[in-house]
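Numbers in our numbering are just positions in the sequence shown, counted from 1, shifted up by 10. Below is one structure, written out as structure tokens; the observations come after it.
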Amino acid sequence: MPYRMASQDADSQTAYFQALLREDVPPVETVGVIDTEYSADTVEWCPLEGMSDLLVCGTYQLQALESESDMSAALPEAEPEANKLGSQGGSSIIEVVDAYVRMGRLYLYRFNKDATDSPLTEIQRKDCAAILDMKWCSVPVAGQAVLGFVDAQGCIELLKLMELEKNHYTLQPLLKKDLGEHRIALSLDWSVGQAMRATGQPLRIISSDSKGHLHFLAVDESESSIHNLSDWKAHDFEAWIAAFDYWQTDIVYSGGDDGLLKGWDTRSNLDSPLFTSKRHSMGVCSIQSNPHQENILATGSYDEHILLWDTRNMNQPFDDICVNGGVWRLKWHPVYSHLLLAACMHSGFKILNCHKPLEERKEGSFISVSYESHSSLAYGADWSRLCLHPDKQTQQQAFSASDDKNDMGTWKSDIPWNTDTACPLSSSSLDTIAKKKSSDELGTVNEGIVTETLDFLVPLVTKEGSGHLTAGSKGMALEAEEPTKTKTVVNLLATCSFYDHSLHLWKWEARSIKA
Numbered sequence: 011m012p013y014r015m016a017s018q019d020a021d022s023q024t025a026y027f028q029a030l031l032r033e034d035v036p037p038v039e040t041v042g043v044i045d046t047e048y049s050a051d052t053v054e055w056c057p058l059e060g061m062s063d064l065l066v067c068g069t070y071q072l073q074a075l076e077s078e079s080d081m082s083a084a085l086p087e088a089e090p091e092a093n094k095l096g097s098q099g100g101s102s103i104i105e106v107v108d109a110y111v112r113m114g115r116l117y118l119y120r121f122n123k124d125a126t127d128s129p130l131t132e133i134q135r136k137d138c139a140a141i142l143d144m145k146w147c148s149v150p151v152a153g154q155a156v157l158g159f160v161d162a163q164g165c166i167e168l169l170k171l172m173e174l175e176k177n178h179y180t181l182q183p184l185l186k187k188d189l190g191e192h193r194i195a196l197s198l199d200w201s202v203g204q205a206m207r208a209t210g211q212p213l214r215i216i217s218s219d220s221k222g223h224l225h226f227l228a229v230d231e232s233e234s235s236i237h238n239l240s241d242w243k244a245h246d247f248e249a250w251i252a253a254f255d256y257w258q259t260d261i262v263y264s265g266g267d268d269g270l271l272k273g274w275d276t277r278s279n280l281d282s283p284l285f286t287s288k289r290h291s292m293g294v295c296s297i298q299s300n301p302h303q304e305n306i307l308a309t310g311s312y313d314e315h316i317l318l319w320d321t322r323n324m325n326q327p328f329d330d331i332c333v334n335g336g337v338w339r340l341k342w343h344p345v346y347s348h349l350l351l352a353a354c355m356h357s358g359f360k361i362l363n364c365h366k367p368l369e370e371r372k373e374g375s376f377i378s379v380s381y382e383s384h385s386s387l388a389y390g391a392d393w394s395r396l397c398l399h400p401d402k403q404t405q406q407q408a409f410s411a412s413d414d415k416n417d418m419g420t421w422k423s424d425i426p427w428n429t430d431t432a433c434p435l436s437s438s439s440l441d442t443i444a445k446k447k448s449s450d451e452l453g454t455v456n457e458g459i460v461t462e463t464l465d466f467l468v469p470l471v472t473k474e475g476s477g478h479l480t481a482g483s484k485g486m487a488l489e490a491e492e493p494t495k496t497k498t499v500v501n502l503l504a505t506c507s508f509y510d511h512s513l514h515l516w517k518w519e520a521r522s523i524k525a
């Protein structure tokens, strides 16, 4: 399959022209910005009901040591060689240097859409070793919300969320596991996909490290313990990422700095993988199984490409999207199977519409939204599960796929949101992140497309509206002829970037019109 630049799909361009004709190009609006002091590299919204307003952010900082005694105390077992995270062709944001130690901090925030100043309130900070990755378990563990993270000392730590009083939470230590000496723990994932929910399988964690090893662990909820099930050499260099198949949680996938994507069956001999793919041309650093649609896997690499795979045929991906930046993290939308959020390092954050390839198993994904307000490397990204409409339900609802497949998305700012007091950026940096582009009579775009609108919406609120879609020489035009059903949504996202130690909240507001 030849490489293909995103935004060249004919359908996506048609949708963009429609938006231009209506002067309805979608705005992406920054809601708030927080200085995390240390370099921010991972961010996660709590997925559990009643706690979806809680957000955690993990950081990584090289801290200079003032004396040799400080150095020996902080790095008693440090190796002289460099260990790298987030490299593109060899550059590094993590190195073991004699005069430095890797420091980290975990922040717990609460989001309040009705706040009169900042919508995010810090409720806890925890100093620790540098954090490389973290994830909430999407099901309660022994009746509690649990956050897992991995750090630069080669450990997995689990924290339990405690409610000290009504609506006042704190994260407290639960379990900690050392993965071995002289290594950095790089990623983790929980076995909480569809297979676990259906069969009651025990809770597992998969983790990866800087020595190329994978660690398959069991969490015993009754005894509050974590123990090793398997530990094996998976890659010759750093194993940047490990992830479960959420539909068959005995299967795990891994990606390494050796440029290889591998699959493993944890029930079998782990001396050899189920498959090895060399389809990515550089290190593989992001993998996520689609939690809504079986047999779908997304992978990303320093080669700046996102690949979509049918796991029944790992010889060749069915879609390939260039995003012009190393793909450090991928997140499928919590409700809709065709929306994919990507942290693209040097090219910011992007939301991809994968509807066509998921339906037809052929290329066709395109970039719907690019968020470009960060001024440094894009690393952490996550979707909120909150619905921001003040007069409607507060949890997202999944409408049937048939409600959306033929909808033409348009954007309209008709949901109240007070951004004047929500730590706004400067006016220059807020200038329509989703840029309008001019078109000629034939509908050709004179500049690169930044945003597009087609079938990417998450319908949460159904309203009566007016409008009729008709075809013309310039594409589809909107005429006010007869009432139609419109569904309006505000998506809230959190993203973080590295050297500017910045955490952003931003909203993506849309209205889909049923043709």
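For every residue, glycine included, the Cβ atom is placed at its ideal position computed from N, Cα and C.
Option nearest residue i by Cα separation, candidates the options
i    : options                : result
K529 : G158, G335, H348       : Because the chain here runs from 11 to 525, residue 529 falls outside it and cannot be looked at.
H245 : W393, D268, S380       : D268
A249 : G273, E369, I331       : G273
Y312 : R289, S385, M324, T321 : R289
A252 : H225, H302, R277, S234 : H225
L284 : V262, T40, N300        : V262
G222 : L189, L239, G310       : L189
Q163 : D143, V151, H315       : D143
T69  : H302, G310, A208, Y389 : Y389
L270 : W55, T309, S347        : T309
V333 : E369, I377, S347, G114 : I377
A140 : A208, C67, L307, M324  : C67
S232 : V151, C147, L65, S282  : V151
CA-to-CA distance, residue j to residue i, given in whole angstroms
i    : j    : result
L185 : C165 : 10 Å
S375 : D329 : 7 Å
L317 : A125 : 40 Å
D401 : N363 : At D401 the pLDDT is 35, less than 50, meaning the model places this residue with poor confidence; the figure from the coordinates comes in the next sentence. Answer to the nearest angstrom: the Cα atoms are 28 Å apart.
G210 : K176 : 31 Å
L488 : V379 : Here L488 scores only 34 on pLDDT, less than 50, and its place in the model should not be relied on; the value that follows carries that caveat. Their Cα atoms are separated by approximately 22 Å.
M355 : V53  : 15 Å
A228 : V149 : 15 Å
V527 : E519 : The structure shown has nothing for residue 527, since the chain only spans 11 to 525.
W516 : R277 : 42 Å
H511 : D161 : 18 Å
E47  : G60  : 29 Å
A50  : E173 : 26 Å
S220 : F247 : 7 Å
N279 : S240 : 10 Å
I236 : A195 : 16 Å
S507 : L351 : 15 Å
H343 : S383 : 21 Å
S394 : C138 : 25 Å
L307 : G265 : 13 Å
Start and end residues, beta strand (DSSP E) containing residue i
i    : result
H237 : 235-243
A538 : Residue 538 lies beyond the range of the chain shown here (11 to 525); nothing can be said about it.
M113 : 110-121
E373 : No beta strand (DSSP E) contains E373, which DSSP labels as neither H nor E.
Q258 : 258-265
Q154 : Element bounds for Q154: n/a, residue is neither H nor E.
T286 : 285-287
Contact set for residue i: own chain, Cβ-Cβ below 8 Å, skip 5 residues either direction
i    : result
Y110 : L72, Q73, A74, L75
G335 : E314, C354, M355, H356, S357, G358, A388
P367 : L318, F328, D329, E373, G374, S375
Same chain only: Cβ atoms within 6 Å of residue i, ignoring 5 sequence neighbours per side
i    : result
D63  : R120, F121
E304 : W257
S291 : D313
T505 : F359, A391, H514
D199 : I216, A253, F254
L168 : V156, G158, L184, L185
T131 : R120
S385 : D510
K136 : L116
S197 : D143, S218, I251, A252
Residues near residue i by beta carbon distance below 7 Å, same chain, minus five either side
i    : result
I133 : L118, Y119, R120, Y179
R528 : Absent from the structure is residue 528, since the part of the chain shown begins at 11 and ends at 525.
N238 : H225, L227
Q154 : K170, L171
K243 : G222, H223
P129 : V41, G42, F121, N122, K123, A432, L515
Segment limits, alpha helix (DSSP H) that includes residue i
i    : result
K145 : That residue, K145, is in no alpha helix (DSSP H); its beta strand (DSSP E) goes 141-146.
K366 : 365-370
T209 : 204-209
Exercise for review: Count the C-beta pairs between the stretch 286-303 and the stretch 337-349 that are closer than 8 Å, then say yes if the count reaches three, no if not.
Suggested key: Flag = yes, the stretch 286-303 and the stretch 337-349 touch.
**Study point:** Contact between the stretch 172-188 and the stretch 199-206 (3+ Cβ pairs under 8 Å)
**Key:** Not touching, per the Cβ criterion.
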